[in-house]
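Here's the structure, in structure tokens; my notes come after.
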Amino acid sequence: MDGAVRLHGETRQILKDAGWHVNRAVDTERWEAELVADGFAPLHPVAMRFLAEFGGLTVPDGGAGVTRARESFTLTPTDCRGEADSFVEWGEDIGRSIAPIGVLAGGTCAWANLGIDEQGEVYVVSSALATFGRMPRALDRLVLGHMPRDLN
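Numbering (this note's numbering), first residue to last: 32 to 183.
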């Protein structure tokens, strides 16, 4: 995404350690096909650009963060399979199209889905909806352990 160069230095290093690099580009077609078959809408352009650059990365937990623990997360949208209804319902509630991008704290009792809207805002999608804000700051907040803002 255009904002990658504006990421916090520590965020950039953590993402590099997970396999990210400037000009990284992965194919999103397989993910989109699997998601559409599972009931999700086709990925919007912002989600496709985000996933082309960051898709497939796994960031391990990293201890204490700024306002919450630095929980592990994956940026693989198909990890959200089975949750299309949640994305559609929350999107309708806020008037946005929220596309799946991965999972926060997967494999724990606190796991939640991650999504991005067509304006680049990154969400925690679960029984509640919260936001890390817009890219690129959203990725800094996710990686560095900021509490997302509750939208309920």
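Think of the CB as a built atom: it goes at the ideal place given N, C-alpha and C, for glycine as much as any other residue.
Small disclaimer: the values here were computed from a predicted structure and weren't measured.
Taking a contact to require three or more Cβ pairs closer than 8 Å, the stretch 165-181 and the stretch 97-112 qualify as touching. Taking 8 Å as the cut-off, the beta carbon of residue 153 is found closer than this to the beta carbon of residue 145. Judged by DSSP in its simplified three-state form, residue 118 adopts helix. With fewer than 16 other beta carbons inside 10 angstroms of its own, residue 41 counts as exposed. Here DSSP, grouped into helix, strand and coil, assigns residue 40 to helix. The stretch 141-166 contains, as complete beta strand (DSSP E) runs of 3+ residues, the segments 143-147, 152-156, 160-165 (chain order). One Cα belongs to residue 54, the other to residue 132, and the distance between them is close to 19 Å.
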